[in-house]
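To start, the structure under review is shown below, and the notes come after it.
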Amino acid sequence: MNTRTALVTGASRGIGRAIAIRLARDGAAVAVNYRERRDQAEEVVEAITRSGGRAVAITADVAIASDCARLVESARKALGPIDILVNNAGVFGKGDLADFDLAQMEAMRNVNVDGLIRVSRAAAADMRAKRWGRIVNIASIAGIGTATTGTTFYAATKAAVITLTRRFALDLGPDGITVNAIAPGFIATDMAAASGASFDAIAAKAMMRRVGTPDDIAAAASFLVSEQAGFITAQVLTVDGGRTDFIAHS
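Quick note, the numbering used here runs 9 ahead of the 1-based positions in the sequence shown.
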């Protein structure tokens, strides 16, 4: 992967941070996108450069159309045409039918769905020119249908991510571009800890009897963007330790 350039959205912490560091370790130059946490993004860049890699931190809010175009252009100018895109940026809003909040739903959709579309479209131009590319979308097992209350509309946005993954794979496959999704289970991040969820209770729902780590997701992303995964596209790779609490399996 020594000649590849990767863009990871929402990469200042958690899953995005782990993916950025892993792709740099694999040899890619990495654009570390962040919205507000500049210090944390710079720490990711420092960790990469300290290990001999190339990286740059770029601020952009993927909920804003003009930011998405600027993000890709800035990454291209700093590191070269985009070969690999990981759409990791996402927001979570708690809610079910009884307490539906349209403004909250729009905020989630603007980032989780619309932002993914905009950044993918901008980055795909470079990939099409090279006739090689990898797009990995970070979905969620919520979008597949875990029986966790309070996640209904978040799940709807992640189900959209899964559908878009398959449709983008159809659109871009003739250009040599693979598009896949990772559906993480519960991952031990700062955000997860702040939610107040019981890690022990969630671990009990997994066959592996633990929650996931950001590195678990980074390892999956590393494989999906590799040459070894060149004939894998339109797939959703579930990385959840074998969660058993699904509404249905049909």
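A virtual CB, placed ideally from N, CA and C, is assigned to each residue, including glycine.
Exercise for the section: State the Cα-Cα distance for the pair G159 and L246, rounded to the nearest angstrom. Expected result: Within the sequence shown, numbered from 1, the residue matching residue 159 stands at position 150. Within the sequence shown, numbered from 1, the residue matching residue 246 stands at position 237. Pairing G159 with L246, the inter-Cα distance amounts to about 24 Å.
Exercise for the section: Inspect the beta-carbon positions of L181 and V95 and report whether they are closer than 9 Å. Expected result: Counting from 1 along the sequence shown, the entry for residue 181 is found at position 172. Counting from 1 along the sequence shown, the entry for residue 95 is found at position 86. The Cβ atoms of L181 and V95 do not sit closer than 9 Å to each other.
Exercise for the section: Please determine, among A168, V188, A169, D184, the residue with the shortest C-alpha to C-alpha distance to F177. Expected result: By 1-based counting over the sequence shown, the position of residue 177 is 168. Closest option to F177, Cα to Cα, is V188.
Exercise for the section: From the DSSP output, in three-state form, read off G23 for me. Expected result: In the sequence shown, residue 23 corresponds to position 14, counting from 1. DSSP places G23 within a helical segment (H, G or I) once states are collapsed to three.
Problem - Cβ-Cβ distance between F255 and G154 below 9 Å - result: As a first step, residue 255 must be located in the sequence shown, where it is residue number 246. As a first step, residue 154 must be located in the sequence shown, where it is residue number 145. A Cβ-Cβ contact shorter than 9 Å links F255 with G154.
Exercise for the section: Starting from the Cα of D108, find the closest Cα among I150, F162, I147, M117 and give me that residue. Expected result: Mapped onto the sequence shown, residue 108 falls at position 99. Of the listed residues, the one whose Cα sits closest to D108 is F162.
Problem - Per DSSP, the bridge partner or partners of R252 - result: As a working mapping, residue 252 is identified with position 243 in the sequence shown. For R252, the pairing in a beta bridge is given by DSSP as A215.
Problem - Cβ contact (3+ pairs, closer than 8 Å) linking the segment 236-250 and the segment 24-41 - result: The segment 236-250, when compared against the segment 24-41, does not touch it at the 8 Å Cβ threshold.
Handout entry: Cβ pair R266, A69 closer than 9 Å
Key = Nothing in the structure corresponds to residue 266, since the chain is present only between 10 and 259.
Handout entry: Residues that DSSP places opposite V245 in a beta bridge
Key = Taking the sequence shown and counting its residues from 1, the one referred to as residue 245 is at position 236. Paired residues: A190.
Exercise for the section: Rank R218, K167, S207, T12 by C-alpha distance to the C-alpha of N97 and give the top, closest one. Expected result: Working through the sequence shown from its first residue, we reach residue 97 at position 88. Among R218, K167, S207, T12, the Cα nearest to that of N97 is on K167.
Handout entry: Limits of the alpha helix (DSSP H) - the one that I273 falls within
Key = The chain is shown from 10 up to 259; residue 273 falls before or after that span and cannot be answered.
Problem - Coarse secondary structure for V120, derived from DSSP in three states - result: As a first step, residue 120 is located in the sequence shown; it is residue number 111 there, counting from the start. Look at V120 here: in three-state DSSP terms it is helix.
Problem - Between the CA atoms of A64 and T58 - distance to the nearest angstrom - result: Along the sequence shown, one-based indexing puts residue 58 at 49. Along the sequence shown, one-based indexing puts residue 64 at 55. Rounded to the nearest angstrom, the gap between the Cα atoms of T58 and A64 is 7 Å.
Exercise for the section: Name, in chain order, the residues that DSSP records as bridge partners for L260. Expected result: With the chain represented from 10 up to 259, any question about residue 260 goes unanswered, as that position is not in the structure.
Problem - A151 - containing beta strand (DSSP E), residue span - result: On the sequence shown, residue 151 is found 142 positions in, with the first residue counted as 1. Per DSSP, A151 belongs to no beta strand (DSSP E) and is neither H nor E.
Problem - Counted within 10 angstroms of its Cβ, other Cβ atoms place T242 as buried (16 or more) or exposed - result: Position 233 of the sequence shown holds residue 242. In this structure T242 is buried. Its beta-carbon is surrounded by 16 or more other beta-carbon atoms within 10 angstroms.
Problem - Closest residue to V220 among A230, S75, A201, I186 (Cα-Cα distance) - result: For the purposes of this step, residue 220 is taken as residue 211 along the sequence shown, with counting starting at 1. Of A230, S75, A201, I186, the smallest CA-CA separation from V220 is found for A201.
Practice task
Measure the CB-CB distance between A131 and L80 and report whether it falls below 9 Å.
Solution key: Position 122 of the sequence shown, counted from the first residue, corresponds to residue 131. Position 71 of the sequence shown, counted from the first residue, corresponds to residue 80. With contacts defined as CB atoms closer than 9 Å, A131 and L80 qualify as a contacting pair.
Exercise for the section: Determine the closest residue to D48 out of S60, L179, R26, A74, with distance taken between C-alpha atoms. Expected result: To locate residue 48, count along the sequence shown from 1; it is residue 39. Ranking S60, L179, R26, A74 by Cα distance to D48 puts R26 first.
Exercise for the section: Please state if the CB of V71 and the CB of T18 are separated by a distance shorter than 9 Å. Expected result: The count along the sequence shown starts at 1 and reaches residue 18 at position 9. The count along the sequence shown starts at 1 and reaches residue 71 at position 62. Yes, they are a contact pair.
Problem - Element boundaries [beta strand (DSSP E), containing V39] - result: Against the sequence shown, residue 39 aligns to sequence position 30. Element bounds for V39: 38-43.
Exercise for the section: Look up A197 in the DSSP assignment and say whether it is helix, strand or coil. Expected result: Your numbering for residue 197 matches position 188 in the sequence shown. In this structure, A197 counts as coil in the three-state DSSP scheme.
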